[in-house]
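Notes to accompany the following structure.
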Amino acid sequence: MTHVGYLLVGWGTTFAVGLVYTATLLRRGRRLTVRVPADRRRWMTTEDT
Amino acid sequence: MQEINHTGSRTTRLLGAAVIIGLVALVFLGWFVAPEDDDQQDAVRMIFVHVPSAIWTYIAFVTTAIGSVMWLVRRSVWWDTVAAASAEIGVLFCGLTLFTGSVWGRPTWNTYWDWGDVRLVTTLILFLMMIGYLSVRSLGGPESATATRAAIVGVMAAAILPIINRSVEWWENNTLHQKSSLTDGNLEDMTLFTLVVGLIVWGLFFWWAVLHRFRIAWLEREIRSTDLDRALVERRAEGDPGATPQEERV
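Going line by line, the protein sequences match chains L and E. For the first sequence, the residue numbers in my numbering are 1 to 49. For the second sequence, the residue numbers in my numbering are 50 to 299.
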């Protein structure tokens with residue numbers, strides 16, 4: 001296989017950035033959810049858990 | 050209703066599972082199944098992360114533009130929140146498009162960047178404009194005014210999209226890019242199939258992220274609203290007759 005270094009940098013950075021952003025979103029969501037009363041989290045119902 | 054301390058739902062979990070499975074399939078197809086290119090050899094495998102990032106950048110910013118117009122026309126908070134969520138993910142994808150394109154350019158064009166390439170420069174302008182959009186949103190101030198300013202930037206940024214898309218035809222002597230890989234019919238079957246898998250996986254991730262980001266923005270709005278209500282109650286309790294909700298919101 002040729003150009004492995006370039007491929008690893010391109011693919012690796014893409015996956016790493018995606019992973020970090022995913023983790024950030026989930027952490028922000030958890031931190032904020034506890035501050036809002038359950039009846040004002042409009043997308044969350046027992047059926048959708 | 051049971052207590053839930055996250056922004057997930059059944060829909061996001063299904064999307065998330067599909068993204069993970071799709072990524073595994075994409076790595077397998079992209080690295081081990083799709084053939085190398087006659088000219089670019091294995092560097093062509095960058096297409097499977099670069100092109101999906103670019104196309105979903107377009108979709109993200111078109112979504113932001115639609116949400117912005119809906120805010121400007123109907124004052125729809127829901128659409129404004131969609132616009133903001135989509136913009137953040139669009140900036141992420143746009144940054145990845147520029148980065149992976151630059152890394153791909155070195156082995157294929159012998160350069161990381163060319164200021165004479167119209168598509169590169171207009172994509173960079175779009176990236177900077179959408180960073181501006183996010184900056185406007187984070188400036189603070191009255192929510193309505195912030196949303197209006199951001200919406201204007203969002204619509205202006207979207208106006209660049211057709212230029213980026215058509216630049217390889219309009220300035221064909223001023224670009225290192227080839228014409229659309231998806232429509233020119235020159236891709237090998239397995240390369241095209243893997244590219245379509247990449248587009249689907251990026252799309253699933255985009256909507257997963259938009260849902261979570263939308264909910265985060267909604268929670269932030271609820272928290273601001275709750276804090277405002279509490280402040281009003283405290284103000285009234287202090288016996289200040291001049292404090293009305295209308296004045297506080299201004």
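Glycine is no exception: its CB is placed at the ideal position from the N, C-alpha and C atoms.
Worksheet item: Would you say residue 7 of chain L faces chain E, with C-beta separation under 8 Å as the test?
Response: yes
Discussion item. Within the continuous alpha helix (DSSP H) that includes residue 239 of chain E, where are the two ends?
Written reply: First-last of the alpha helix (DSSP H) with residue 239 of chain E: 238–286.
Fill in: chain E residues whose Cβ lies nearer than 9 Å to that of residue 26 of chain L
Here the neighbours are 55, 56, 57 and 261.
Worksheet item: Are residue 135 of chain E and residue 109 of chain E touching if we call contact CB-CB under 8 Å?
Response: yes
Discussion item. For the alpha helix (DSSP H) containing residue 60 of chain E, name the first residue and the last one.
Written reply: 59–77 is the extent of the alpha helix (DSSP H) around residue 60 of chain E.
Discussion item. With H, G and I counted as helix, E and B as strand and the rest as coil, what does DSSP make of residue 163 of chain E?
Written reply: coil
Worksheet item: residue 90 of chain E bridges to which residues according to DSSP?
Response: E/86
Fill in: Cross-chain neighbours of residue 152 of chain E in chain L, by beta carbon under 9 Å
6, 7, 9, 10 and 13
Worksheet item: Is there a Cβ from chain L that is less than 8 Å from the Cβ of residue 248 of chain E?
Response: no
Discussion item. The ligand SAH and residue 286 of chain E: does any heavy atom of the ligand fall closer than 7 Å to the residue's C-beta?
Written reply: No copy of the ligand SAH appears in this structure; indeed no ligand is present at all.
Fill in: Contact set between residue 272 of chain E and chain L, taken where Cβ atoms lie within less than 9 Å
Ordered by position in chain L, the residues that pass the 9 Å Cβ test against residue 272 of chain E are 32, 35 and 36.
Item to complete: Examine the Cβ distances between the segment 139–153 of chain E and the segment 164–176 of chain E and report whether three or more of them are shorter than 8 Å.
Response: The segment 139–153 of chain E, when compared against the segment 164–176 of chain E, does touch it at the 8 Å Cβ threshold.
Worksheet item: According to DSSP, is residue 211 of chain E helix, strand or coil?
Response: helix
Item to complete: With DSSP collapsed to three states, give me the class of residue 34 of chain L.
Response: coil
Item to complete: Quick one: using the 10 Å Cβ neighbour count with 16 as the cut-off for buried, is residue 240 of chain E buried or exposed?
Response: buried
Discussion item. On the CB-based measure, 16 or more other CB atoms within 10 Å of its CB, does residue 82 of chain E come out buried or exposed?
Written reply: Here residue 82 of chain E is exposed. Its C-beta has fewer than 16 other C-beta atoms within 10 Å.
Worksheet item: Can you tell me whether DSSP reads residue 150 of chain E as helix, strand or coil?
Response: Judged by DSSP in its simplified three-state form, residue 150 of chain E adopts helix.
Discussion item. Is there a Cβ of chain L sitting closer than 8 Å to that of residue 95 of chain E, yes or no?
Written reply: yes
Worksheet item: How about residue 265 of chain E: is its C-beta nearer than 8 Å to some C-beta of chain L?
Response: yes
Item to complete: Out of E/275, E/269, E/278 and E/242, state which residue places its alpha-carbon closest to the alpha-carbon of residue 71 of chain E.
Response: E/242
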